[in-house]
Amino acid sequence: MVWSGSAWFWWWRSTRYFDLAEGQTESGAYMTLYPTTASMKGIAYSDKNKNGQKDSDEVGIAGLETSIFKVGSSTPVQTTTTDGQGAYHFSKLEPNTPYSVEIKFPSDYEVTSKSYFIGSGKSEAISLSEEQMLENVNLGLYKAVPVGSISVNPTVLEKFVGESGTLVATVLPVDATDKSVTYSSGDTTVMTVDSNGNWVAKKAGTTTIKVTSNEDKSKFAYVTVTVKEKYNPTISGQIQNETGSGFSGISIELREPGSDRVIQQTTSSIDGSYSFTGLTNNVNYYIKVMIPKDYKVKFGYGIFDTAGTSGYLKLEESNKSNITGINLQLEPKTILPESIKVSPKVIDTVVNETGQLTVEFFPTNTTNKDLTYKVGNVDIISVDANGKWTAKKSGKTTITVISASGAQDIVEVTVRSLTDSYIGGKIVDPNGKAVNGVELLIYSWDGKLVGQKTTDGTGAYRFDNLEAKHYYLQLKFPKEYEFVSSNKNYFWGNSTGYLHVDGTNSIGDVDAVIRLANPKESSLSGTIYDQTNNGIGFSGVEIQLVNADTGQITKTLTNTNGTYSFSNLEKSNYYLKIIAPVNYEFASSNVFYYDLLTGYIAVDGVAKQDGFDASLKVITPKNNSSIKGIITNQETGLGFPGVQLNLYSQDGSQKGTAVTATDGSYNFIGLTPGDYYVKLVFPVDYQLSHSNIFGSDGTSGYLALDGTNQLTDRNATLKKTTIEAESITVEPKELNQLVGDTGKLTVTFQPNNTTDKNVNFTSKNPNVITVDKDGNWIATGQGTTEIVVTTSNGKSETVNVTVKSKQESSISGKITNHSTGLGFEGISMKLYTFDGKLVSEVSTDVNGNYSFIGLSKNDYYMIVGVPEGQILFTSNTFGSDGVSGFYGIDGSNKIADRNATLKPKDIPAVGITVEPKELNQFVGDTGKLAITFQPGSTTDKSLNFVSEKPEIMTIDKDGNWTATGVGTTTITVTTSNGKTATVKVTVKSKQESSISGVITNHSTGLGLSEVTLKLYTLDGKLINEVITDMNGQYSFGELSKNDYYLVLSVPEGLEIFYSNTFGSDGVSGFYTIDGSNKIADRNATLKPKDIPAIGITVEPKELNQVVGDTGKLAITF
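Mapping to UniProt numbering: the sequence shown position 40 is 40, numbers consecutive.
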């Protein structure tokens, strides 16, 4: 129903609140109700592809009786018949009422729908809302079309060996459900045929090809096959190089004698072979080989002359033999160079360097490439027979390269010493000023002191005549100095990292900046202004400088211009304080605060800072601040008169009281500087609704007044106090009902004067019981659940619900003997609930009738006990396995005519055995399952093999399996009549991977033994730990698929010098292992750690000598 009504009623069909005086009458409140309806429609269609949904090319099924029932009733509300498009339509249905649609269809159809209709022609319960039009309540039906006949084209094949083609099979009728066929050859050595009918003639002989319907093995056709040999006259041979191996890419022509016409042309293959086919018998030919210009004939084998031309060749038809062995061997011509070009033309190198000379020959097809190397001075450079040179000592010379023909080229050589490098730089202070007399020491990489220098007047130093090596510097600056920085980060504190020179290059910018450790050159200054006196400088004002680190106070006075200054300040944190003259106060400043203090000022002992300025002004009286606002009544929207507000200072002492005027306003005036707060006293039965100042307790936050400012709009809105429900009671507390029962819940509030009595009713399972917003309930299905009743403020109560099914339904039918046409007595019939629980078992009577009665609401299915030697012939109920579909029983409906006809059966498989029953393999393994049928006389031994996870193991139609990935899965083997067996599969990754390497001692160049390495998985799990052997080698073997990383435990006193694997912390990157790959050369070279001096002792510490004395100082590190 829908409604319309006067302004008294809200849309949820309740009136608004209203008050009546004693004896008062109100009229004009009305509400009109009128009926609403819902409707549904759908289509019964032929689901050709059995996908459970209607596709555009699938047509409706006309003439099917279709009825709609209220759930729980066996009497149809409406009945119709599907139209020419298979459509039906039910209208004028009651909203919010569960319905079920039933479509009757012939027994040779099966249901394919995946929604509404599942497994039967009766739908699940469907409820419609008001005015709802529910569409696509569709029933998909499938009817198999059997194969009638099969033919194949062509029916006769007469072919030569090597020919191929395709057979075309035609299955009738054209709409047959399964048109697939199987092709099989009687003799695959004569002709093969694949699953698509593609055939290949293999050898001479006769056979047949059988084409069989997969749906009906009794439907087949034959192709008669004859294969003959095909004679193909051929001339063949080989072109060979000088070693007798095949010579590829040589052009060869077959020519006609007399005319020299080219009959065929070919090119020798990679093994030098060639052939000419399809030739004519009893005809003369000759062969012409196109010899490359740099080659000549070595052997013609009595067939070819020196120009590569053969004698006449003739194929004789009488013996049908081919001509083979027409071979020719070639060898290179000798070609001397006319000139040569040597690279490089100039060698400019250093002692002990090596290199390689390369030579180009002209012409480029030179065959004799012998060379001689002559050195002008073999003490300077040497060259071996292959052109590799080695620089031996400094000097200049030449290398002359001479070819076999005498052509030559000259290389100019300069060899330089390896002690021409230098390292230098400058030491300066932060202002760029040179620091003289700073000591610097240079060490080789192994800690050996190489030299000592002192900076000159420009701050410069330089270490000359350095040989190729790694060096580092130490900076010995005076104790009153400290390190500041270094360009390019050469220095880190007083030491550099490694600096490499090669004996020829130099590094001249190893600079550093140092400074006095505690300079006292900073200053702070500023000006104080008198704002009251036209902003002129304010003289005689005391300024205090406070050292925040030590507490020391230094004082000064501003001069006649108002300026002040503090100088000679050391590095520290300071702040400034102004002592204002009597009757003066803060006016303005960018650095001073209202309390005449600055924040902390960081002084570095060098920089000079100014601009610490401030303005002062004469103090003026401050007692003119005020606080104003309005208190509003939310119910009326007007000002709330008579509300008391109290004013307090920060210490809690009361400073005033105000009462709101008729417009709700209040005002505290004549207030002096300070922090205040206001307390609002709520009238009886009122509380705070909202405010821009007051909290829920009526207290404001602190309000800062300076004696002159005016605070307005300090407002609040009050509302009536809400009385919330503390608890509720629901009657009844428990419901024990039958499907279809109805009733209403009643709710009582505590306290009785609760202001908001709205509640929400919720059924946890509407399939068992529904409840509307007013507490009206309907028992809709069997089961247990709860109804939760919740107030608007979250108080709740629960009603326990149990709904039982009515037990008035029945299922009945008849089992008929196809052979006699009579009822089949003594057939066992079993009834189960949908979850497999046996409910009842009966036997058919003398007429073949059976019946299950007194059924309660549930979904049921039946199993007919087909006697040994019988099978189901036809049935509108049972599948070939004797199991019915599901029947929705509501406790009152009756289902009849659930019939079946039995006939004698074929011998189906009753079971199968699969060997092996379990597979434990590695990735890449293959094999085949062996199947045994029970009984052995089973007539249909076709099987279907399915792998649950093909990414782990695949299996073909013949049971051949391949392990493809790591994991577990199951292979299910199914017979044509549904018998199954399973094989459990576990596939592991091959564990053939490894990671290996060598740890080397840089000092000795040999392997470093007993070094510990650990292997971890990606998530940090330790897999293995090994120690390097006497050659420094290590290996982690038999690794499975994963991501790994290595950790190298560097021995005490050593560090990593170089590694292609490990970082400075000894941890490698990640390595991806697939179970079969091998990762090698994960190496590292270790060297002794540099141990710098942390101090020295000199003896004696003091010398008191006379002129001419000598001696030596003793140094201890």
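C-beta: ideal position from N, C-alpha, C; glycine also.
Nonlocal neighbours in the same chain, by C-beta distance under 8 Å from residue i, ignoring five residues either side
i      : result
Ser819 : Lys903 and Pro904
Asn573 : Asn547, Ala548, Asp549, Tyr600, Ile601, Ala602 and Val603
Ser937 : Ile907
Thr657 : Gln644, Leu645, Asn646 and Leu647
One or two residues paired with residue i in a DSSP bridge
i      : result
Ala614 : Ile528
Met953 : Ala963
Gly743 : Trp777
Asp416 : For the sequence presented, residue 416 should be read as Arg rather than Asp. Answer by DSSP bridge pairing, in chain order: Val350.
Ser565 : Ser525
Asn96  : The partner list for Asn96 (beta bridge, DSSP) is empty, contrary to what the question assumes.
Residues near residue i in its chain [Cβ-Cβ closer than 7 Å; skip 5 each side]
i       : result
Gly1108 : none
Asp685  : Lys720 and Thr721
Asn327  : Gly237, Gln238, Gln240 and Tyr301
Lys520  : Asn568, Leu569, Glu570 and Gly605
Ala517  : Glu480, Tyr481 and Glu482
Trp12   : Because the pLDDT at Trp12 is just 44, under 50, the model does not fix this residue reliably, and the value given afterwards should be weighed accordingly. Counting only Cβ-Cβ distances below 7 Å, and skipping sequence neighbours, we find nothing.
Beta carbon of residue i nearer than 8 Å to that of residue j
i       : j       : result
Thr189  : Lys202  : yes
Tyr584  : Leu616  : yes
Ser245  : Ser273  : no
Asp1065 : Gly997  : no
Gly1063 : Pro1088 : no
Val211  : Ile250  : no
Ala38   : Glu130  : yes
Ser154  : Val223  : In the sequence as presented, Ser is not what sits at residue 154; that position holds Pro. Cβ distance < 8 Å, so Pro154 and Val223 count as in contact.
Thr1012 : Tyr1044 : no
Ile543  : Ile514  : no
Asp305  : Lys333  : no
Gln746  : Glu731  : For the record, residue 746 in the displayed sequence is Thr; it is not Gln. Yes, the pair counts as a contact, with Cβ atoms nearer than the cut-off.
Asn96   : Ser127  : yes
Ala909  : Phe945  : no
Glu331  : Glu256  : no
Spatial neighbours of residue i in its chain, beta-carbon cut-off 6 Å, leaving aside the 5 residues before and after
i       : result
Ala44   : Ile61, Leu64, Thr82, Gly86, Ile103 and Leu139
Ser339  : Phe362 and Ala407
Thr1085 : Thr1000, His1002, Phe1057 and Tyr1058
Tyr34   : Because the pLDDT at Tyr34 is just 42, under 50, the model does not fix this residue reliably, and the value given afterwards should be weighed accordingly. The answer is none, since no qualifying residue turns up.
(message) Does the contact criterion of 3 or more C-beta pairs under 8 Å hold for the segment 707-718 versus the segment 625-644?
(response) By the Cβ rule, the segment 707-718 counts as touching the segment 625-644, because three or more pairs are nearer than 8 Å.
(message) Contact between the segment 991-998 and the segment 960-967 is defined here as three or more beta-carbon pairs at a separation below 8 Å; is this criterion met?
(response) Judged by Cβ distances under 8 Å, the segment 991-998 makes no contact with the segment 960-967, as fewer than three pairs qualify.
(request) Assess, as a yes-or-no matter, whether the segment 137-154 is touched by the segment 94-112 under the definition of 3 or more beta carbon pairs within less than 8 Å. (result) Yes, since at least three Cβ pairs between the segment 94-112 and the segment 137-154 fall closer than 8 Å, the two stretches touch.
(request) Note down, one range per segment and in chain order, each beta strand (DSSP E) of at least 3 residues found wholly within the segment 475-519. (result) Within the segment 475-519, the complete beta strand (DSSP E) segments at least 3 residues long are 481-485, 499-501 and 512-516, listed from N- to C-terminus.
(message) Pairs of beta-carbons, one from the segment 439-453 and one from the segment 411-422, closer than 8 Å: are there three or more?
(response) Touching, no.
(message) Below 8 Å, how does it come out for the segment 883-901 and the segment 802-815: are there three or more Cβ pairs, yes or no?
(response) Because the criterion of three Cβ pairs below 8 Å is met, the segment 883-901 and the segment 802-815 touch.
(request) Decide if the segment 352-363 is in contact with the segment 377-396; the criterion is three or more beta carbon pairs, one per stretch, under 8 Å apart. (result) Touching, per the Cβ criterion.
(message) With three or more beta-carbon pairs closer than 8 Å as the criterion, would you say the segment 655-673 touches the segment 611-630?
(response) Contact between the segment 655-673 and the segment 611-630 is present: 3 or more CB-CB pairs across the two stretches fall below 8 Å.
(request) Could I get the ranges of all uninterrupted beta strand (DSSP E) runs contained in the segment 862-938, with 3 residues as the minimum, in chain order? (result) The segment 862-938 contains, as complete beta strand (DSSP E) runs of 3+ residues, the segments 870-875, 887-889, 900-904, 911-915, 918-922, 926-928 and 930-934 (chain order).
(message) Contact between the segment 1067-1082 and the segment 1028-1046 is defined here as three or more beta-carbon pairs at a separation below 8 Å; is this criterion met?
(response) By the Cβ test, the segment 1067-1082 is in contact with the segment 1028-1046, since at least three Cβ pairs between them sit closer than 8 Å.
(request) Scan the segment 778-859 and note each continuous beta strand (DSSP E) run of 3 residues or more that stays entirely inside, going in chain order. (result) Fully enclosed beta strand (DSSP E) runs of 3 or longer: 783-791, 796-804, 809-817, 828-833, 838-843 and 849-855.
(message) Contact between the segment 169-177 and the segment 140-154 is defined here as three or more beta-carbon pairs at a separation below 8 Å; is this criterion met?
(response) When C-beta atoms of the segment 169-177 are compared with those of the segment 140-154, three or more pairs fall below 8 Å, so the two segments count as touching.
(request) Would you check if there are 3 or more beta carbon pairs closer than 8 Å linking the segment 530-540 to the segment 556-571? (result) Under the Cβ criterion (8 Å, minimum of three pairs), the segment 530-540 counts as touching the segment 556-571.
(request) Say whether the segment 821-828 touches the segment 846-864, bearing in mind that this needs 3 or more beta-carbon pairs closer than 8 Å, one atom from each stretch. (result) They touch, by the three-pair rule.
(request) Decide yes or no for the touch test of the segment 503-511 against the segment 420-428: beta carbon pairs closer than 8 Å, at least 3 of them. (result) Contact between the segment 503-511 and the segment 420-428 is present, because at least three Cβ pairs lie under 8 Å.
(request) Ignoring anything shorter than 3 residues or poking outside the segment 257-288, list the beta strand (DSSP E) runs there in chain order. (result) Taking only runs of at least 3 residues, the beta strand (DSSP E) segments lying wholly in the segment 257-288 are 262-267 and 273-277.
(request) Determine contact between the segment 734-743 and the segment 776-792, defined as no fewer than three beta-carbon pairs at a distance below 8 Å. (result) Remark: three or more beta-carbon pairs, one from each stretch, lie closer than 8 Å, so the segment 734-743 and the segment 776-792 are flagged as touching.
(request) Would you mind listing the beta strand (DSSP E) stretches within the segment 1020-1080 that are 3+ residues and don't spill past its ends, in chain order? (result) Counting whole runs of 3 or more residues, the segment 1020-1080 contains the beta strand (DSSP E) stretches 1022-1027, 1033-1039, 1042-1049, 1054-1059 and 1071-1073.
(message) Tell me whether the segment 490-509 and the segment 446-454 touch, counting them as touching only if at least three CB pairs, one residue from each stretch, are closer than 8 Å.
(response) No: the two stretches stay apart, fewer than three of their Cβ pairs being nearer than 8 Å.
(message) For the segment 850-860 against the segment 870-881, do three or more pairs of beta-carbon atoms, one drawn from each stretch, fall closer than 8 Å, so that the two count as touching?
(response) Because the criterion of three Cβ pairs below 8 Å is not met, the segment 850-860 and the segment 870-881 do not touch.
(message) With a threshold of 8 Å, are at least 3 pairs of Cβ atoms found where one atom belongs to the segment 969-985 and the other to the segment 940-947?
(response) Yes, the segment 969-985 is in contact with the segment 940-947.
(message) Closer than 8 Å is the cut-off here; do at least three beta carbon pairs connect the segment 363-379 with the segment 308-316?
(response) They do not touch, by the three-pair rule.
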